[in-house]
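To convert a position in the sequence shown, counted from 1, into the numbering used here, add 71.
For every residue, glycine included, the Cβ atom is placed at its ideal position computed from N, Cα and C.
Contents: one structure, followed by commentary.
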Amino acid sequence: MAIGAGNRAKSGGAAFGLRRLSALLLLAACVLAPRAARATDAPKRAPGAQRDWPCSGCITVVPPSYSPERPAPLMVALHGDGASTDLVVRMWREPLERRGYLLLALRCPRELGCENSFWRWHGDPAWIMAKVDAVEAAYSIDPSRVYLSGWSGGSTYMGLSAPLLSPRFAAINLNGGGVPPPSGECGTCKPPVYYFAGSRNPMISLVRNTADHFKRCGHEVVWDLGQDLDHPGELQAIFAGPVAERVVAWLDTKRNTCLESAASAAAGPDAGEPAPGALLNVTENAIELTSNTTVVNSGVEPTFGAEEPRSTAPEPAKPKSAAPVPGGCGCRPTVVATVPPVWLLSVAAGLLRARRQPNRRLRARRKSTRLGN
């Protein structure tokens, strides 16, 4: 009996010891886990790619030439529908590193309602601005050399949100996508625009409409048309190198003049009034462009058309300007669309009609059967 009692005491003591050890390990995990999470929140100073900073799924790439003593340019890149930040990094990393740029590849924020489609990119551009602020606070960034680029659905979001995005960026680059703002309004700031698209992109009409919107608003526009390129071909052309090199070389010549001339821009001509001749007229054989448009690698000789007649109709009342954006200039408020675009609604309506047709035929057969009986 004494031996059995001793064994039970030993086993009880061992069990108590295991429970105590488990409790200590659990406590250590609770204490150390937040510290580990906080460690991933801190940006790395060394060159290379850092994942999940400044946001979940985002990637920040620091070039080998980065030095805190020399403010560096920054490209902010938005991925497309179903794409990833890794794809965006592959598109731009090499040409950007050669020129000393930091790259911030943002992931569409699921925690804010993003469902990986362009109309589900978080509608408020303030989320993007907050991530740019985080990078500028952590690294030595030249505020006059911050650029925005989008691929496919990312470009579409940029078009929809153009008036609100314009003040922060020295220039913007859209690739393979675009939808103009539903309000048609122009921002007070007019950063230059580089547009790359394939002639066989199924959304080329919307892309041209977006380029037309920027020209109407007075932006300098470079139109880089890839002949016989469909949407996958556009991506391959960027991966191949020349397109990305052209874009980055062009960005490198641009500075954010809105930061320096916010007051004069606000006092200048109405940004919402179309400039004479600021139209992109597409025909089968030619593209007629205005003088604020440059054609690159299109294979089509530009024809500069005559000025469009100015309308004599009275202008509608203009909304008051919004408060200035921090670090930029004031822009008119606009409502960013959070619904699918017209073309998608049309496709959905067509599918719904096609689905209803068999049901109508079935009801007709049943009716004829009842009449026959």
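Would you kindly report the start and end of the unbroken alpha helix (DSSP H) that includes N280? Position 209 of the sequence shown, counted from the first residue, corresponds to residue 280. Its alpha helix (DSSP H) spans residues 275-287.
N-terminal and C-terminal residue of the alpha helix (DSSP H) that H267 is part of: Residue numbering aside, residue 267 sits at position 196 when the sequence shown is read from its first letter. Per the sequence shown, the amino acid found at residue 267 is Phe instead of His. Here F267 belongs to no alpha helix (DSSP H); instead the beta strand (DSSP E) covers 264-269.
Please report the residue range of the alpha helix (DSSP H) in which A154 lies. Working through the sequence shown from its first residue, we reach residue 154 at position 83. Run containing A154: none; DSSP gives neither H nor E here.
Looking at V132: is its Cβ nearer than 9 Å to the Cβ of L177? In the sequence shown, residue 132 corresponds to position 61, counting from 1. In the sequence shown, residue 177 corresponds to position 106, counting from 1. Result no, Cβ atoms of V132 and L177 do not sit closer than 9 Å.
Where W190 falls: helix, strand or coil (DSSP): In the sequence shown, residue 190 corresponds to position 119, counting from 1. Confidence is the limiting factor: at W190 the pLDDT is only 49, short of 50, which leaves the residue's position unreliable, though a coordinate-based value still follows. Under the three-state reduction of DSSP output, W190 falls in the helix class.
Following the continuous beta strand (DSSP E) through W222, name the residue where it begins and the one where it ends. For the purposes of this step, residue 222 is taken as residue 151 along the sequence shown, with counting starting at 1. Residue range 212-222 is occupied by the beta strand (DSSP E) that includes W222.
May I ask you to report which of helix, strand or coil DSSP gives L296? For this step, residue 296 is matched to residue 225 along the sequence shown. Assignment of L296 by DSSP, reduced to helix, strand and coil, places it in the strand class.
For S138, write down the residues that DSSP places opposite it in a beta bridge. Within the sequence shown, numbered from 1, the residue matching residue 138 stands at position 67. S138 has R141 as its beta-bridge partners, per DSSP.
If you draw a straight line from the alpha carbon of S254 to that of S138, how long is it in whole angstroms? Against the sequence shown, residue 254 aligns to sequence position 183. Against the sequence shown, residue 138 aligns to sequence position 67. Roughly 43 Å separates the two Cα atoms.
The segment 315-324 in contact with the segment 285-292 per 3-pair CB rule at 8 Å: At 8 Å Cβ cutoff, the stretches do not touch.
Q121 bridges to which residues according to DSSP? Taking the first residue of the sequence shown as 1, we reach residue 121 at position 50. Looking at the DSSP assignment, Q121 forms a beta bridge with T131.
Buried or exposed (CB count within 10 angstroms, at least 16 for buried), G269: The residue you call residue 269 lines up with position 198 of the sequence shown. Flag for G269 reads buried.
Of the residues H284, Y266, P125, D299, the one placed nearest L219, counting alpha carbons only: Here residue 219 refers to the residue found at position 148 when the sequence shown is read from its first residue. L219 has its Cα closest to that of Y266, out of H284, Y266, P125, D299.
Nearest CA to the CA of A148: which residue from L300, G225, A242, A241? Taking the first residue of the sequence shown as position 1, residue 148 is located at position 77. Cα-wise, what sits closest to A148 is G225.
Mind the definition here: the segment 305-318 touches the segment 201-214 only if three or more C-beta pairs lie below 8 Å; say whether that holds. Flag = no, the segment 305-318 and the segment 201-214 do not touch.
Spatial neighbours of A308 within its chain, please: C-beta separation below 7 Å, excluding the five flanking residues on both sides. Working through the sequence shown from its first residue, we reach residue 308 at position 237. Once the five neighbours on either side are set aside, the close Cβ partners of A308 are G297, L300, V314.
Taking 9 Å as the threshold (C-beta atoms), are P196 and L245 in contact? Residue 245 sits at position 174 when you count from the first residue of the sequence shown. Residue 196 sits at position 125 when you count from the first residue of the sequence shown. No, the pair does not count as a contact, with Cβ atoms beyond the cut-off.
Where does A241 fall in DSSP's three states? Taking the first residue of the sequence shown as 1, we reach residue 241 at position 170. DSSP, reduced to helix, strand and coil, places A241 outside both helices and strands of the structure shown, so it counts as coil.
With H, G and I counted as helix, E and B as strand and the rest as coil, what does DSSP make of V250? Walking along the sequence shown from the start, residue 250 turns up at place 179. Coil at V250, not helix or strand.
Return the chain-ordered list of same chain residues with a C-beta closer than 8 Å to the C-beta of F310, the five sequence neighbours on each side being excluded. As a first step, residue 310 is located in the sequence shown; it is residue number 239 there, counting from the start. Within the same chain, Cβ atoms closer than 8 Å to the Cβ of F310 are found at R161, M162, the five residues on either side in sequence being excluded.
Quick check: P144 and I212, are their CB atoms within less than 9 Å of each other? To locate residue 144, count along the sequence shown from 1; it is residue 73. To locate residue 212, count along the sequence shown from 1; it is residue 141. Yes.
Measuring alpha carbon to alpha carbon, tell me which residue in R181, G221, Y210, G258 is nearest E140. Here residue 140 refers to the residue found at position 69 of the sequence shown. For E140, the closest C-alpha among the options R181, G221, Y210, G258 is that of Y210.
Own chain, CB closer than 8 Å to N280, minus 5 neighbours either side, in chain order: Counting from one through the sequence shown, the residue named residue 280 turns up at place 209. Apart from sequence neighbours up to five positions away, the residues of its chain that approach N280 with a beta-carbon distance below 8 Å are G249, V250, P251, ordered along the chain.
Please identify the residue among W222, C257, R164 whose C-alpha is closest to the C-alpha of H302. Numbered from 1 along the sequence shown, position 231 holds the residue referred to as residue 302. That would be W222, whose Cα lies nearest to the Cα of H302.
For C126, tell me which candidate among R169, L175, A154 has the shortest Cα-Cα distance. Locating residue 126 in the sequence shown gives position 55, where the first residue counts as 1. Closest option to C126, Cα to Cα, is L175.
Distance between A241 and L350 (C-alpha atoms, nearest Å): On the sequence shown, position 279 is the one that residue 350 refers to. On the sequence shown, position 170 is the one that residue 241 refers to. At L350, the pLDDT of 32 sits below 50, so the modelled position is not reliable; the number obtained from the coordinates is stated separately. So the alpha carbons of these two residues sit roughly 23 Å apart.
Checking the sheet assignment: what are the DSSP bridge partners for L457? Beyond the ends of the chain as shown, which are 72 and 444, falls residue 457; an answer cannot be given.
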